[in-house]
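Residue numbers (the numbering used here), protein chains in the order written: chain A, 215 to 321; chain B, 215 to 321.
Below you'll find the structure, written out as C-alpha cells, and then a few comments.
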DNA sequence: GAAATCGTCAACCAGTTGGTTGAATAACGA
DNA sequence: TCGTTATTCAACCAACTGGTTGACGATTTC
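Put into C-alpha cells, the structure is as follows:
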C-alpha cells in the first residue's frame, strides 16, 4: 500500500509522464505515437512508460510488433482518496480539470 | 502550475513525508517533536520539512527558539483535482482515508 | 530472403535525493 | 555568563533519475 502510493506519486511528479497520461485519456496509443510529440529519444519515452506501468497507471499490450498503451485510471483512486482526505475539498470541478490538462500537453 | 504539481507529487512520493503530514493533521508541531518517532537524524527531518515547505504543503513559523510546523492542505487541492479528473471517482469515503492513514504512521 | 519498422536493452553520464556527521547559530534558563 | 535546547548548515556519500547512444530481437513488408 505504502509502496503503491510511493510509485504513483513519484510517477506523477514528472511533467513528461503527466503529459503522456493526458494523451492516453483520448485513446490508446502505440509507443512510437506516444513519443512523437516529445523532443526526446524513443528510449527515454520507453523508460517513462515502463515506470508508469510499474506504478499501475497504464497497461501495455503487444499486438504484432506494436505495443499499445492504455490508461488505467483506477491506480489513481487510492492516492486520490489519500489527498482528498487531507483537504476535504469540494467535489471536483470539471472545468478546473480541463484547464489543468490544457497547460500540460506537449508541443 | 506544472512546477507546483511537480513539487507536490514529488513531496508526496516519500513515506516519511506522508507520515509527517499525517501527524500534522492532528495538530501543529515543533520540528523536534516531528522528528521524535522517526529513526533518523534531526537534520534529515529538517530537510524533509524544507521540501514540504517549498511544495507549499506545510508552513513553518518560528516563535522563540521553536519552529512550528502547520499543515497547509490547500496545496493539495489542484493536484487532487488533477487526479480526480482522470478517474471520475465517487466522492471520498472517509473510512478509506482513515484506513490509509493508519498504515502510514511511524513507530 | 532482405530491408524496414517497433520497441527494448546495456552502458554511460550529469544532476538530484535521502541519508550521515560535525560545526554553527539562536534563544532560553539558571 | 554559561550551559542547554532547538534548528540549520556544510560537506560528504551511495543510490536513483532522466537523459543519451548504439546494438539488438521481433515482426512485417517487399
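Think of the CB as a built atom: it goes at the ideal place given N, C-alpha and C, for glycine as much as any other residue.
Contact check for residue 293 (chain B) against residue 237 (chain A) fails: the beta carbons are separated by 9 angstroms or more. Within the stretch 234–261 of chain A, those residues whose Cβ lies closer than 9 angstroms to any Cβ of chain B are, in chain order, 235, 236, 239. Annotation: residue 269 (chain A) has no Cβ neighbours in chain B at a cutoff of 7 angstroms; minimum Cβ distance is about 10 angstroms. With a threshold of 16 other beta carbon atoms within 10 Å, residue 269 (chain A) meets it and is buried. Between residue 265 (chain A) and residue 248 (chain A), the gap from beta carbon to beta carbon reaches 9 angstroms or more. The beta strand (DSSP E) runs lying completely inside the stretch 245–292 of chain B and spanning 3 residues or more are 272–277, 280–285, given in chain order. When the beta-carbon positions are compared, residue 290 (chain A) and residue 245 (chain A) stay at least 9 angstroms from each other.
In the DSSP assignment, residue 241 (chain A) falls outside any alpha helix (DSSP H) and carries neither an H nor an E. At a cut-off of 9 angstroms, the C-beta of residue 274 (chain A) has no neighbouring C-beta in chain B. A Cβ of chain A is located within less than 9 angstroms of the beta carbon of residue 285 (chain B).
Residue state for residue 228 (chain B) is assigned as coil, using DSSP reduced to three classes. Nearest to residue 230 (chain A) by C-alpha distance, out of A:256, A:242, A:220, is A:256. The C-beta distance from residue 233 (chain B) to residue 271 (chain B) rounds to 13 angstroms, too long to meet the 8 angstroms contact threshold.
Shown here for residue 282 (chain B): same chain residues with a beta carbon closer than 8 angstroms to its own, the five before and five after excluded, namely 242, 243, 244, 274, 275, 276 in chain order. In this structure, residue 219 (chain B) places its C-beta atom within 9 angstroms of the C-beta atom of residue 227 (chain A).
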